[in-house]
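The structure appears below as structure tokens.
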Amino acid sequence: MVERQVCVVTGASRGIGRGIALDLGRRGASVAVNYNESEEEAREVVDEINAGEGDAIAVQGDVSDLDDMRTVRDEVRDEYGGADVLVNNAGVSVDRKFVNMEREDWDRVVDTNLGGAFNATKAFFNDISVSSNGRLINVSSVMAQRGNYGQANFTAAESGLFGFTRTLALELAASNSTANCVAVGFTSTDMLEKVDEGVKEKIRDRIPLGRFAEVEDLTGIVRFLASRDSAYMTGQILGINGGMRG
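Heads up: the sequence shown at position 209 corresponds to 209 in UniProt numbering, and the numbers run straight through without jumps.
As structure tokens, then:
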């Protein structure tokens, strides 16, 4: 499905991004594992992919910096000739009630989660456009669909990815490339492990399937969107949330 495709995954050293990169690599893709600060973790992802069926390189770059993303693009072109698939996964959260939220809290999250998607897509837009299997995949959150107390910055950025996806789908259609978005629910990663058990129990009670997602619940969907099998799907927001609703 994704064999011999060149896939760039931002924020791929940990969590969901790590799982996506590993899954694509295991299926024979060439993967550019983007990271900002977690070089050791990124190298571990690369080593695991290279030990199997795939091929991978680690590429450092801050998604909130357009020049960094252009440098990442140049490294990918030097190594692989260009990218077919871009997965905009990188994101951060700085949670505070709006009354206590400072402008820098807002800017950090919006500049990374939404601005980072702009920067990476801007850098790789031409690659995706000329690819015979051009795919843009944005990773958003179920919180963008329902809102969440103390996350005005995060939910604004994540819901912004919905409109960004739909518009890019229109603009990429002329080159027969696609853009889609996955809105993921609460997922068992190192970030969730930091949440108080009582809070996690309340969240779990709101999920009809009664459990948090595993990374593997998400990776197959992303792989499908990266593949030729999804050629007639574009501009869509796919909820992967265990039935959680707004």
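Backbone N, C-alpha and C define an ideal beta-carbon position, used for all residues, glycine too.
Bear in mind the structure is a predicted one, so any value in this text is a computation, not a measurement.
Using only alpha-carbon positions, find the residue among the options that is nearest to residue i.
i, options, result
"A183", "N36, R103, A56 and G235", "G235"
"S227", "D23, E79, A213 and A12", "D23"
"E40", "G28, V59 and S230", "V59"
"A21", "V45, R4 and E3", "V45"
"R108", "G150, F154 and A169", "F154"
"N6", "Y80, D74, G17 and R26", "Per the sequence shown, residue 6 should be read as Val rather than Asn. Checked all of Y80, D74, G17 and R26; the closest Cα to V6 is Y80."
"R73", "R146, G52, G210 and F125", "F125"
"E171", "L136, T187 and G19", "L136"
Just curious, the alpha helix (DSSP H) that residue i is in, first and last residue?
i, result
"V220", "First, the residue type needs correcting, since residue 220 is Gly and not Val in the sequence shown. Counting along the chain, the alpha helix (DSSP H) containing G220 begins and ends at V215 to A226."
"N113", "R103 to N113"
Could you give the residue range of the beta strand (DSSP E) that holds residue i?
i, result
"L136", "R135 to S141"
"N180", "T178 to V184"
"D62", "It is not in any beta strand (DSSP E) - D62 carries neither H nor E in the DSSP assignment."
"V8", "V6 to V9"
Could you check if residue i is buried or exposed, using at least 16 other CB atoms within 10 Å of its CB as the buried criterion?
i, result
"T165", "buried"
"R223", "buried"
"A120", "buried"
"L218", "buried"
"T167", "exposed"
"V76", "buried"
"residue 317", "Outside the shown range of the chain, which is 1 to 246, sits residue 317, and nothing can be said about it."
"E53", "exposed"
Nearer than 8 Å: is that true of the beta carbon of residue i relative to any heavy atom of the ligand ATP?
i, result
"R245", "Although the ligand ATP was asked about, the structure shown includes no ligands whatsoever."
Checklist line | the stretch 1-20 contacting the stretch 84-103, beta-carbon criterion three pairs below 8 Å | finding: With a cut-off of 8 Å, the stretch 84-103 and the stretch 1-20 count as touching, because enough Cβ pairs lie within range.
Checklist line | Given 8 Å, three or more beta-carbon pairs between the stretch 61-69 and the stretch 23-39 | finding: Here the stretch 61-69 makes contact with the stretch 23-39; the two share three or more CB pairs at distances below 8 Å.
Notebook entry, point to check: When the Cβ atoms of the stretch 198-207 are set against those of the stretch 125-133, are three or more pairs found closer than 8 Å?
Noted result: With a cut-off of 8 Å, the stretch 125-133 and the stretch 198-207 do not count as touching, because too few Cβ pairs lie within range.
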